[in-house]
Amino acid sequence: MIDGHGRQIDQLRLSITDRCNLACRYCVPARPDAHAVGTIDVEFAVRLVDWLVQAHGLRSVRLTGGEPLLHPQVVALVGRLSRLGSPPELTLTTNGQLLAARAAALRVAGLDRVNVSLDTLGPQRFAELTRGGRVRHTLAGIEAALALGLTPVRINVVVQRGLNEHELADIAGWGLARGCAVRFLEVMPIGPLASVLDRHLVAAAEILERLSERFELRPMATRPGQPAIDYAATGGGLRGVIGIIAPTTRPFCAQCRRLRITARGELVTCLHDDRRYDLRRWWDGRTLDRAGADATLRAALTDKPAAGVTAQPVCMRSLGG
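Numbering (our numbering), first residue to last: 1126 to 1446.
And the structure:
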């Protein structure tokens, strides 16, 4: 797949549900999203991925949400996707609350690795940031993933001024001690909570400055399309990989290789673009009309912007992370 700006597109974020068991303050308003539609049909999801792999060279699929582990058939879906004729790398992003109970089944089904969101190590602060989550469940999920070989486990930390910027090195140390790659993300101006950018943005330069107080950081080579700038980190007897994802102060649009499909079956080409391309119209409940889907994909790729320029009205959980 080549978009209208000559970028090769070979990565998919597939949202299998827009429901979540947490309500993180930078992601959703205090009131739950009344427009949540729930879960994607497993057969539809499998046919979409098979079409993109076989006909369009898709190389990477990440299952997202919402919280993908809330999908009642997530293990079966992973199994189906892992058995496709030319299976891509298959990963999953989760808040970790249900991961300890599901990790073994996901590994057996064919999942390659997981990304886990962890914005603080403090139980009270975790509950406040997530509106009710329990940090011990996420930490247990990470430990289970490591023990079962869902590696490399990547820990994602959204850095928020006044909330968790003082514990970045502690989170990094916790992750590195267990062999995780730890990635720190700038907050993004997405959806109805875009104003958090003004209040809570901690720029990449400051994140690096804080981490450098405890670790020596050496830049590493990056893969094409990789949004993170990775650093080899050493310090305090620890070594490993720390990454910075800085969509606000260091945009990486020129290297974007990604598409998204929402739990509604809509193709999204850019987090900052409010256009949607409906793929459900080509699904009759049993088969996917590939010719029609190809036409929709061509239009989406042609329209994919060089950089995000329009306001995104919906929250991240509805877009597929």
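Each residue gets a CB set at the ideal place from its N, CA and C atoms; glycine is no exception. Just so you know, these numbers come straight off a predicted model, no measurement behind them.
For residue i, three-class secondary structure by DSSP
i, result
"phenylalanine 1309", "strand"
"serine 1207", "helix"
"threonine 1142", "strand"
"leucine 1215", "strand"
"isoleucine 1315", "coil"
"valine 1199", "helix"
"glutamate 1280", "The displayed chain sequence assigns isoleucine, not glutamate, to residue 1280. Residue state, collapsed to three classes: strand."
"arginine 1324", "helix"
"threonine 1164", "strand"
"arginine 1250", "helix"
"leucine 1336", "helix"
Spatial neighbours of residue i in its chain, beta-carbon cut-off 7 Å, leaving aside the 5 residues before and after
i, result
"alanine 1178", "Note that residue 1178 is valine in the sequence shown, not alanine. Excluding positions up to five away in sequence, the list reads Leu1209, Ser1211, Pro1213."
"glycine 1433", "Cys1378, Cys1395, Leu1396, His1397, Asp1398"
"threonine 1263", "Asn1220, Gly1221, Gln1222, Val1241, Leu1243"
Span of the beta strand (DSSP E), counted from its first residue to its last, around residue i
i, result
"aspartate 1355", "1354-1360"
"glutamate 1341", "1341-1344"
"arginine 1150", "It is not in any beta strand (DSSP E) - arginine 1150 carries neither H nor E in the DSSP assignment."
"leucine 1188", "1185-1189"
"arginine 1238", "1238-1242"
Beta-carbon proximity list for residue i, same chain, < 6 Å, skipping 5 on both sides
i, result
"leucine 1301", "Leu1363, Gly1365"
"alanine 1379", "none"
"aspartate 1244", "Leu1254, Val1282, Val1283, Asn1289"
"isoleucine 1354", "Ile1369"
"arginine 1401", "Glu1391"
"threonine 1373", "Glu1311"
"asparagine 1240", "Thr1218, Arg1279, Asn1281"
"arginine 1389", "Val1162"
Extent of the continuous alpha helix (DSSP H) run through residue i
i, result
"valine 1174", "1167-1181"
"leucine 1271", "1260-1273"
"isoleucine 1296", "1293-1301"
"valine 1233", "1224-1234"
"proline 1193", "No alpha helix (DSSP H) contains proline 1193, which DSSP labels as neither H nor E."
Spatially closest choice to residue i from the options, by CA coordinates
i, options, result
"threonine 1412", "Thr1164, Arg1172, Gly1163, Arg1150", "Arg1172"
"alanine 1294", "Glu1391, Glu1331, Pro1349", "Glu1331"
"phenylalanine 1377", "Glu1268, Leu1310, Glu1391, Arg1324", "Leu1310"
"arginine 1259", "Arg1405, Arg1348, Leu1246, Val1199", "Leu1246"
"glutamate 1192", "Cys1152, Tyr1356, Thr1219, Ser1443", "Thr1219"
"glycine 1287", "Thr1427, Arg1138, Tyr1151", "Tyr1151"
"valine 1312", "Gly1298, Ala1297, Ala1329", "Ala1329"
"histidine 1291", "Leu1139, Val1327, Gln1198, Ala1306", "Val1327"
"histidine 1196", "Asp1143, Ala1180, Ser1185", "Asp1143"
"threonine 1189", "Ala1424, Arg1238, Ala1357", "Arg1238"
"alanine 1230", "Ala1269, Phe1340, Ala1424", "Ala1269"
"aspartate 1419", "Ala1180, Thr1347, Val1307, Leu1223", "Ala1180"
"threonine 1387", "Val1439, Ala1201, Arg1415, Leu1264", "Val1439"
"leucine 1215", "Leu1183, Ala1226, Arg1227, Ala1225", "Leu1183"
Neighbourhood of residue i by C-beta, 8 Å cutoff - its chain only, sequence neighbours within 5 removed
i, result
"arginine 1382", "Arg1132, Gln1133, Ile1134, Asp1135, Gln1136, Pro1349, Gly1350"
"isoleucine 1479", "The requested residue 1479 is not part of the displayed model; the chain covers only 1126 to 1446."
Residue i beta carbon near the ligand ATP (any heavy atom closer than 6 Å)
i, result
"arginine 1411", "Looking at this structure, you won't find the ligand ATP or any other ligand, since it has none at all."
Continuous beta strand (DSSP E) assignments of at least 3 residues falling wholly in the stretch 1369-1443: 1383-1386, 1391-1393
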